[in-house]
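Before any comments, here is the structure.
Below you can see the structure in the form of structure tokens.
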């Protein structure tokens with residue numbers, strides 16, 4: 101079945117939602133049944149992940165506005181991806197969307213997860229953004245983790261440098277960790293190493 105925009109739902113598209121749909125973080129993070137009938141895609145949101153088709157979406161916005169049959173920004177972005185709506189200045193950046201999708205899970209890991217992970221994460225981010233660099237001894241351990249969103253590497257891959265626009269989120273994450281550990285732990289290198297050795 102060919103994808104199409106059905107009326108009256110698509111008769112009056114909200115201007116603000118259309119503008120929001122063009123942002124990088126609205127890039128689909130996963131496609132479902134792309135070649136079978138009505139395509140659906142997974143989008144990242146501040147409160148979780150949402151599945152959208154051209155007929156409905158699992159997000160709160162669509163369900164709240166269900167009575168007026170108005171498409172949400174996820175549905176609008178999906179229509180743009182299918183070239184059913186003018187894309188305008190649409191930006192595609194899957195990493196930006198994945199960053200949003202993984203942020204809350206990552207903070208929850210630091211807040212409630214394994215203590216060793218919390219220490220290592222806080223140490224990495226604190227040094228990266230305080231000193232401006234971090235020596236990567238084993239990049240394999242973090243290259244596929246959420247930490248990848250916070251740094252770029254030197255040409256030889258041995259030094260990590262902070263991504264400045266993520267400084268605020270890095271500080272929030274370190275703050276969450278230090279609530280569990282105490283800020284003194286990050287200020288005292290000997291105490292930090294002792295804690296790491298103890299947990300290991």
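Residue numbers (our numbering): 101 to 300. Beta carbons are placed, not taken as given, at the ideal position from N, Cα and C, and that holds for glycine.
Beta-ladder partner(s) of residue i, from DSSP
{"i": "residue 246", "result": "Bridge partners of residue 246: none, in fact."}
{"i": "residue 132", "result": "140"}
{"i": "residue 262", "result": "251"}
{"i": "residue 145", "result": "148"}
Coil, strand or helix - residue i by DSSP
{"i": "residue 191", "result": "coil"}
{"i": "residue 255", "result": "coil"}
{"i": "residue 101", "result": "Confidence at residue 101 is low in this model, with a pLDDT of 42, below 50, so the placement of that residue should be treated as unreliable; the coordinate-derived value is given next. DSSP places residue 101 in coil when its eight states are reduced to three."}
{"i": "residue 234", "result": "strand"}
{"i": "residue 268", "result": "helix"}
{"i": "residue 172", "result": "coil"}
{"i": "residue 283", "result": "helix"}
{"i": "residue 150", "result": "strand"}
{"i": "residue 157", "result": "strand"}
{"i": "residue 205", "result": "helix"}
{"i": "residue 123", "result": "coil"}
Beta-carbon separation (whole angstroms), residue i vs residue j, contact threshold 8 Å
{"i": "residue 173", "j": "residue 121", "result": "4 Å"}
{"i": "residue 263", "j": "residue 235", "result": "Not a contact, Cβ separation roughly 17 Å."}
{"i": "residue 277", "j": "residue 210", "result": "5 Å"}
{"i": "residue 128", "j": "residue 142", "result": "6 Å"}
{"i": "residue 113", "j": "residue 171", "result": "6 Å"}
Alpha carbon of residue i to alpha carbon of residue j, nearest angstrom
{"i": "residue 175", "j": "residue 231", "result": "43 Å"}
{"i": "residue 101", "j": "residue 229", "result": "Only weak support is given to the placement of residue 101: the predicted model assigns it a pLDDT of 42, under 50, and the question is left unresolved by the model."}
{"i": "residue 108", "j": "residue 198", "result": "33 Å"}
{"i": "residue 126", "j": "residue 200", "result": "10 Å"}
{"i": "residue 160", "j": "residue 256", "result": "46 Å"}
{"i": "residue 268", "j": "residue 185", "result": "35 Å"}
{"i": "residue 281", "j": "residue 149", "result": "30 Å"}
{"i": "residue 204", "j": "residue 212", "result": "12 Å"}
{"i": "residue 287", "j": "residue 247", "result": "21 Å"}
{"i": "residue 153", "j": "residue 133", "result": "11 Å"}
{"i": "residue 272", "j": "residue 233", "result": "18 Å"}
{"i": "residue 146", "j": "residue 202", "result": "10 Å"}
{"i": "residue 244", "j": "residue 111", "result": "42 Å"}
{"i": "residue 249", "j": "residue 155", "result": "33 Å"}
{"i": "residue 119", "j": "residue 207", "result": "29 Å"}
message = When you compare the stretch 186-196 with the stretch 208-225, are there three or more beta-carbon pairs, one atom per stretch, that lie closer than 8 Å?
response = no
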